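> Chains as they are written, first to last, in my numbering: chain A, 389 to 633; chain B, 389 to 633; chain C, 389 to 633; chain D, 389 to 633. Beta carbons: idealized from backbone N, C-alpha and C, even for Gly. Just so we're clear, the structure is a prediction, and the values are computed from it rather than from any experiment.
Protein chains: 4
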Amino acid sequence: MYSVDFSYLDSKLDGIWDEVLSGSRFIQSIRAGTVTIPLFALYMLETYQYTKHNARNQALVGVRATGVPHKYTSYCFKHAREETGHEDMALKDVRALGFPVPAPDALRALPATETLIAYLYWISFQGNPIQRLGYSFWAERSYEYINPLIHDLRKALSLQEKQLSFFIAHAGVDEKHAAEVKEMISSCCKDSDDFYDICRVMETSLRLTGQVLVDVHAEYERLCRGEGGQYAFLLEQAGSRTVGA
Amino acid sequence: MYSVDFSYLDSKLDGIWDEVLSGSRFIQSIRAGTVTIPLFALYMLETYQYTKHNARNQALVGVRATGVPHKYTSYCFKHAREETGHEDMALKDVRALGFPVPAPDALRALPATETLIAYLYWISFQGNPIQRLGYSFWAERSYEYINPLIHDLRKALSLQEKQLSFFIAHAGVDEKHAAEVKEMISSCCKDSDDFYDICRVMETSLRLTGQVLVDVHAEYERLCRGEGGQYAFLLEQAGSRTVGA
Amino acid sequence: MYSVDFSYLDSKLDGIWDEVLSGSRFIQSIRAGTVTIPLFALYMLETYQYTKHNARNQALVGVRATGVPHKYTSYCFKHAREETGHEDMALKDVRALGFPVPAPDALRALPATETLIAYLYWISFQGNPIQRLGYSFWAERSYEYINPLIHDLRKALSLQEKQLSFFIAHAGVDEKHAAEVKEMISSCCKDSDDFYDICRVMETSLRLTGQVLVDVHAEYERLCRGEGGQYAFLLEQAGSRTVGA
Amino acid sequence: MYSVDFSYLDSKLDGIWDEVLSGSRFIQSIRAGTVTIPLFALYMLETYQYTKHNARNQALVGVRATGVPHKYTSYCFKHAREETGHEDMALKDVRALGFPVPAPDALRALPATETLIAYLYWISFQGNPIQRLGYSFWAERSYEYINPLIHDLRKALSLQEKQLSFFIAHAGVDEKHAAEVKEMISSCCKDSDDFYDICRVMETSLRLTGQVLVDVHAEYERLCRGEGGQYAFLLEQAGSRTVGA
Chain A
389 MYSVDFSYLD SKLDGIWDEV LSGSRFIQSI RAGTVTIPLF ALYMLETYQY TKHNARNQAL
449 VGVRATGVPH KYTSYCFKHA REETGHEDMA LKDVRALGFP VPAPDALRAL PATETLIAYL
509 YWISFQGNPI QRLGYSFWAE RSYEYINPLI HDLRKALSLQ EKQLSFFIAH AGVDEKHAAE
569 VKEMISSCCK DSDDFYDICR VMETSLRLTG QVLVDVHAEY ERLCRGEGGQ YAFLLEQAGS
629 RTVGA
Chain B
389 MYSVDFSYLD SKLDGIWDEV LSGSRFIQSI RAGTVTIPLF ALYMLETYQY TKHNARNQAL
449 VGVRATGVPH KYTSYCFKHA REETGHEDMA LKDVRALGFP VPAPDALRAL PATETLIAYL
509 YWISFQGNPI QRLGYSFWAE RSYEYINPLI HDLRKALSLQ EKQLSFFIAH AGVDEKHAAE
569 VKEMISSCCK DSDDFYDICR VMETSLRLTG QVLVDVHAEY ERLCRGEGGQ YAFLLEQAGS
629 RTVGA
Chain C
389 MYSVDFSYLD SKLDGIWDEV LSGSRFIQSI RAGTVTIPLF ALYMLETYQY TKHNARNQAL
449 VGVRATGVPH KYTSYCFKHA REETGHEDMA LKDVRALGFP VPAPDALRAL PATETLIAYL
509 YWISFQGNPI QRLGYSFWAE RSYEYINPLI HDLRKALSLQ EKQLSFFIAH AGVDEKHAAE
569 VKEMISSCCK DSDDFYDICR VMETSLRLTG QVLVDVHAEY ERLCRGEGGQ YAFLLEQAGS
629 RTVGA
Chain D
389 MYSVDFSYLD SKLDGIWDEV LSGSRFIQSI RAGTVTIPLF ALYMLETYQY TKHNARNQAL
449 VGVRATGVPH KYTSYCFKHA REETGHEDMA LKDVRALGFP VPAPDALRAL PATETLIAYL
509 YWISFQGNPI QRLGYSFWAE RSYEYINPLI HDLRKALSLQ EKQLSFFIAH AGVDEKHAAE
569 VKEMISSCCK DSDDFYDICR VMETSLRLTG QVLVDVHAEY ERLCRGEGGQ YAFLLEQAGS
629 RTVGA
């Protein structure tokens, strides 16, 4: 029986998270306490965009997978079910920040977010059916890396719990999910090819998520320079929001 | 709020079941007590074929559906999970009947069975996302029609419970499922167009299932005429089976 | 090199065509000269329905096929291109028969037609990539069987060429196509498994097309009994049409 | 009728090409004459990877597109046919450079290349059916930007025509293609939403291609540092190649 080298995955992950976080001006602004409500809201709206697809591409693995244990197919559908509708939490948080967002589906994902979505469908639809576990492996454990940032964010922006429900809800659930993912990797990963495929998806999907952070900040700067775009309302409403507060 | 006319569905269903059952020589042989073990095994192997796809096309609805309530997406994934691996029960029953079936995946579905599978993917992949409920509506309640037949079959062939696990397991679970389907139809069916789409899929998928019964019997007759085919082993082993019993 | 037994395919085909044509009351009415304009128009509207999908499922083979010769992929795209838009001819003929059909896309395919469409996507999307050649094999040569019927139809209904453009156009093109299909089968069919898959799709798709003929006549009889439905306009307008002629 | 602002697309394109080319150390090495045969071969093997998918995702647009003019569907299939098998040219060039590449399909695309492939399927499978024209718009005209680089490359590495067949063949064909794409954009782009979608895909797909250039160079540097990987053979064989030359 193949024994999965989780410590290799862990150390790889540490390195990429470091690269992702240190390369992100959005993250730097959180750590420095200079982050703003509109910047955070913009990030949450992009989170809304890709979260909308997560349950769907997760289930897609089960739809097309043949030659995998029923246990894995079953996991895909169970996990898909648990993720269904989570995007609404992201949206609720944005609304609790003071932005009504009357027509969220009219908003378009930024290019980096759309690229991440495209990649997740691709690795779910073809290739090694278990490779998507590489995405879940880091995503379900991201709270180890994100929690300190949430703490800083909360302090910097004086946020209430109901404005952070997406992260708070996930932090709780994901510990259980992370254990399930690890167990699923242990039982589905049969050789070094499987391990390579999982590792590869882990790395690429995390880097693409890092690119979302970069795009979010670039879009925010564009807004601040007055160049408009679909998120212009975040600055306009932020003004009125402050006045109204 | 649109009120679903379930009594219309019920009476439609009664009529089509009647048409399906009275048009099937396989069913007639069960009622007359002339059914044989190889004929029943052949039917169960075709059941194995389409059951392999049921969880997958059920989940496909959730994967591609947008603009439906999360509740429905969630139902699709939950139901898909519950159906995962059910084909193994059909196969186990065939084995318990005395046929080892060493390579079940080398067997090909009969044309009518493949057509049913194709249709279920098609109505899951496109069209009104809730239309597949029309299939579930009759499938989850088929035990009302099938139970008397199972009784006759059991008597005619002196079958034990472990040779009928597929039907026995479903009879129990499906009562609960049938109630869920009805509730889901009530809450997702918003107008007469939705109702029409559900009704249409109900009718077509039941008639295509009826065609499976016809093909199963025709294939069995082909075997009895010594024309061979992939199921020839059912007659050969049936002989040795009797001797060995 | 594997040598394809085309005479086997031909004789199989003869048998199934015979079965299909003799089992169809629509065909009988053509032969007997009792066919009516509304019945023929109803058939052409169903032809419109499945023809809309033919280019698309043909191209789908090329999209998903890997491990096939480029020559075959190229053939799929070329053939798809040639079929694009052919449904418009079917519709034009119906209009030339005196039925304006203002919103053709609001019409729904009859169950048998939808089943045929579903099956063609299924065999194009999965399984042996060359199996769809079994459909093309009979479809491109159907004029051998259909031409005498077109002749009878024309005579019975005093049809002009512009009311039969779909069949007249295909009769010309399809001779060339039939030769291409044969050549493609010869070069792609590498063993008896390939041959079996092609043969199977040939048989099943022709029988499902036969079922379309059955459904067309049943729907027509429903109309004549005054039971309405989406095609009711064919009888209403047929009346006014005659008056206007 | 909507008039497409091609000069806007052109100037956008100029800016992104500039960004892409100036941000690529691979391009810099070509301009400086320090590029090596293994580096160029590595690039061509990645070109092989995504080119394998181009005809297929192009045809996919035609398969799923409804509500577009037949002319556009027809264009998709025609263009797909013309692109079929082009990856073989890229592979032939690598072989002509002295690398036999016995099992090209065992090679895996680099993450940036896989991301580009995933994105192209995504924008072909869903969203505005005409948006993929934004990719064709720059891809078919890339020779304006690439030809000077090919010139430098040829000089730096003393390449023969048969080692550059991929680029030489495309340079000829693509002028015609570029005109077709422009005409297709003019006739399919009906409003500013369509224009936005085309523009967006143009920008994102070119930037993702730029990322391929970055990854290619990073992978090459990894090789030079002796860190191995699937492309290690390029350095090993390059040695023997020089000796043998």
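With a cut-off of 8 angstroms on the beta carbons, I'd call L485 (chain D) and A429 (chain D) a contact; round off their distance for me.
Within the fourth sequence, residue 485 (chain D) is the residue found at index 97, counting from 1. Within the fourth sequence, residue 429 (chain D) is the residue found at index 41, counting from 1. Indeed they touch by this definition, with Cβ atoms about 5 angstroms apart.
> In chain D, which residues lie less than 7 angstroms from S553 (chain C) when you measure between Cβ atoms?
If you number the third sequence from 1, residue 553 (chain C) lands on position 165. Correct list: empty, because the minimum Cβ distance to chain D is about 16 angstroms.
> What do you reckon, are the CB atoms on Q599 (chain D) and R496 (chain D) nearer than 8 angstroms?
Position 211 of the fourth sequence holds residue 599 (chain D). Position 108 of the fourth sequence holds residue 496 (chain D). Going by C-beta atoms, Q599 (chain D) is not nearer than 8 angstroms to R496 (chain D).
> Do M590 (chain B) and L427 (chain B) count as a contact pair if the criterion is CB distance below 8 angstroms?
Here residue 427 (chain B) is taken as the residue at index 39 of the second sequence, counted from 1. Here residue 590 (chain B) is taken as the residue at index 202 of the second sequence, counted from 1. Contact: no.
> How would you call Q625 (chain D), buried or exposed, if buried means at least 16 neighbouring beta carbons within 10 angstroms?
The residue you call residue 625 (chain D) lines up with position 237 of the fourth sequence. By the 10 Å Cβ count, Q625 (chain D) comes out buried.
> Determine whether the Cβ of W405 (chain C) lies closer than 8 angstroms to any Cβ atom of chain B.
To locate residue 405 (chain C), count along the third sequence from 1; it is residue 17. So no, W405 (chain C) is outside the interface.
> Report the residue ranges of all alpha helix (DSSP H) runs contained in full by the stretch 494-519 of chain D; include only those spanning at least 4 residues, in chain order.
Taking only runs of at least 4 residues, the alpha helix (DSSP H) segments lying wholly in the stretch 494-519 of chain D are 499-513.
> Using 8 angstroms as the limit for Cβ to Cβ distance, is S524 (chain D) near chain C?
For the purposes of this step, residue 524 (chain D) is identified with residue 136 of the fourth sequence, where counting begins at 1. By this cut-off, S524 (chain D) is not an interface position.
> Within the continuous alpha helix (DSSP H) that includes K550 (chain B), where are the two ends?
Within the second sequence, the letter at position 162 stands for residue 550 (chain B). Segment: none, K550 (chain B) is in no alpha helix (DSSP H) and carries neither H nor E.
> Considering Cα atoms alone, identify which of A:S574, A:A506 and A:T435 is closest to A527 (chain A).
Locating residue 527 (chain A) in the first sequence gives position 139, counting from the first residue. It is A:T435.
> Within its chain, find whatever has a CB closer than 8 angstroms to the CB of Y390 (chain A); leave out the 5 residues flanking it on each side and keep chain order.
Numbered from 1 along the first sequence, position 2 holds the residue referred to as residue 390 (chain A). For Y390 (chain A), where only same-chain residues beyond five positions count, the Cβ hits under 8 angstroms are C577, K578, D579, S580, D582 and F583.
> Quick check on this structure: which residue in B:K466, B:M432 and B:G560 has the alpha carbon closest to the alpha carbon of Q446 (chain B)?
Against the second sequence, residue 446 (chain B) aligns to sequence position 58. Closest by alpha carbon: B:K466.
> For R413 (chain C), would you say it is in contact with chain B, using Cβ-to-Cβ distances shorter than 8 angstroms as the test?
Here residue 413 (chain C) refers to the residue found at position 25 when the third sequence is read from its first residue. So, not an interface residue.
> Output yes or no for whether 8 angstroms exceeds the beta carbon distance between R595 (chain C) and V408 (chain C).
Locating residue 595 (chain C) in the third sequence gives position 207, counting from the first residue. Locating residue 408 (chain C) in the third sequence gives position 20, counting from the first residue. Yes.
> With H, G and I counted as helix, E and B as strand and the rest as coil, what does DSSP make of L622 (chain D)?
Against the fourth sequence, residue 622 (chain D) aligns to sequence position 234. L622 (chain D) falls in the helix class under three-state DSSP.
> At the level of alpha carbons, what is the spacing between G632 (chain D) and R419 (chain D)?
Stepping through the fourth sequence from its first residue, residue 632 (chain D) is reached at position 244. Stepping through the fourth sequence from its first residue, residue 419 (chain D) is reached at position 31. Low per-residue confidence applies at G632 (chain D): pLDDT is 33, beneath 50, and the placement is therefore not dependable enough to give any value.
> What residue range is occupied by the uninterrupted alpha helix (DSSP H) comprising A468 (chain C)?
By one-based count along the third sequence, residue 468 (chain C) stands at place 80. Where A468 (chain C) is concerned, the enclosing alpha helix (DSSP H) stretches over H458 to E471.
> Counting only beta-carbon atoms, is Y507 (chain A) nearer than 8 angstroms to chain D?
As a working mapping, residue 507 (chain A) is identified with position 119 in the first sequence. So, interface residue.
> Does any CB atom of chain B fall closer than 8 angstroms to the CB of L611 (chain C)?
Locating residue 611 (chain C) in the third sequence gives position 223, where the first residue counts as 1. It does not: the Cβ of L611 (chain C) has no partner Cβ on chain B nearer than 8 angstroms.
> Quick one: what's got a C-beta closer than 6 angstroms to H474 (chain C)'s C-beta in the same chain, skipping five residues either side?
Residue mapping note: residue 474 (chain C) aligns to position 86 of the third sequence, counting from 1. Cβ within range, chain order: T439.
> So for G403 (chain A), helix, strand or coil by DSSP?
The residue you call residue 403 (chain A) lines up with position 15 of the first sequence. G403 (chain A) falls in the helix class under three-state DSSP.
> Pick out whichever of D:G515, D:E615 and D:I511 has its Cα sitting closest to the Cα of A494 (chain A).
For the purposes of this step, residue 494 (chain A) is taken as residue 106 along the first sequence, with counting starting at 1. Nearest C-alpha to A494 (chain A): D:G515.
> Tell me whether T630 (chain A) is buried or exposed, calling it buried when 16 or more other Cβ atoms sit within 10 Å of its Cβ.
In the first sequence, the residue the question calls residue 630 (chain A) occupies position 242. The predicted position of T630 (chain A) is uncertain, since its pLDDT is 45 and thus under 50; a value taken from the coordinates is nonetheless stated next. So T630 (chain A) counts as exposed.
> Return yes when the Cβ of V456 (chain A) is within less than 8 angstroms of the Cβ of I518 (chain A), no when it is not.
To locate residue 518 (chain A), count along the first sequence from 1; it is residue 130. To locate residue 456 (chain A), count along the first sequence from 1; it is residue 68. Cβ distance < 8 angstroms, so I518 (chain A) and V456 (chain A) count as in contact.
> If you measure from the beta carbon of L596 (chain A) to each beta carbon in chain G, is any gap under 8 angstroms?
The structure shown contains no chain G; the protein chains it does contain are A, B, C and D.
> Can you tell which of A:M432, A:T461, A:G403 and A:D562 has its C-alpha closest to the C-alpha of M477 (chain A)?
For the purposes of this step, residue 477 (chain A) is identified with residue 89 of the first sequence, where counting begins at 1. Measuring from the Cα of M477 (chain A), the nearest candidate turns out to be A:M432.
> Give the residues of chain D in contact with A447 (chain C), contact being defined as C-beta atoms less than 7 angstroms apart.
Mapped onto the third sequence, residue 447 (chain C) falls at position 59. Chain D residues near A447 (chain C): A447, G450, V451 and F465.
> Residues in the same chain with beta-carbon distance under 7 angstroms from P499 (chain C), minus the five sequence neighbours each way, listed in chain order, please.
Position 111 of the third sequence, counted from the start, is the residue given in the question as residue 499 (chain C). Hits under 7 angstroms: D603.
> Hey, would you say A506 (chain C) sits closer than 8 angstroms to A506 (chain B), going by beta carbons?
As a first step, residue 506 (chain C) must be located in the third sequence, where it is residue number 118. As a first step, residue 506 (chain B) must be located in the second sequence, where it is residue number 118. Going by C-beta atoms, A506 (chain C) is nearer than 8 angstroms to A506 (chain B).
> Under 8 angstroms Cβ-Cβ, which residues of chain B neighbour S462 (chain A)?
Counting from 1 along the first sequence, the entry for residue 462 (chain A) is found at position 74. The contacting residues are R469, T472 and G473.
> From this set, D:T424, D:P536, D:V423 and D:K459, which residue's C-alpha is nearest S575 (chain D)'s C-alpha?
One-based indexing of the fourth sequence puts residue 575 (chain D) at position 187. The candidate whose alpha carbon is nearest that of S575 (chain D) is D:K459.
> Please decide whether P517 (chain C) counts as near chain B, where near means a Cβ-Cβ distance under 8 angstroms.
The residue labelled residue 517 (chain C) in the question sits at position 129 within the third sequence. No, because no Cβ of chain B sits closer than 8 angstroms to the Cβ of P517 (chain C).
> Just checking my contact of L448 (chain B) with F525 (chain B) at CB under 8 angstroms: how many whole Å lie between their CB atoms?
As a working mapping, residue 448 (chain B) is identified with position 60 in the second sequence. As a working mapping, residue 525 (chain B) is identified with position 137 in the second sequence. 18 angstroms between Cβ atoms; not a contact.
> For H558 (chain A), return the contacting residues in chain B, with the cut-off set at a CB-CB distance below 9 angstroms.
The count along the first sequence starts at 1 and reaches residue 558 (chain A) at position 170. Those within 9 angstroms of H558 (chain A) in chain B number zero; the least Cβ separation is about 17 angstroms.
> Output the distance between the C-alpha atoms of G614 (chain B) and V482 (chain B), rounded to the nearest integer angstrom.
Translated into positions along the second sequence, residue 614 (chain B) becomes position 226. Translated into positions along the second sequence, residue 482 (chain B) becomes position 94. Those two C-alpha atoms are separated by around 21 angstroms.
> Alpha carbon to alpha carbon, what distance is there between V392 (chain B) and P492 (chain A)?
As a working note, residue 492 (chain A) is residue 104 in the first sequence. As a working note, residue 392 (chain B) is residue 4 in the second sequence. Computed Cα separation, rounded: 31 angstroms.
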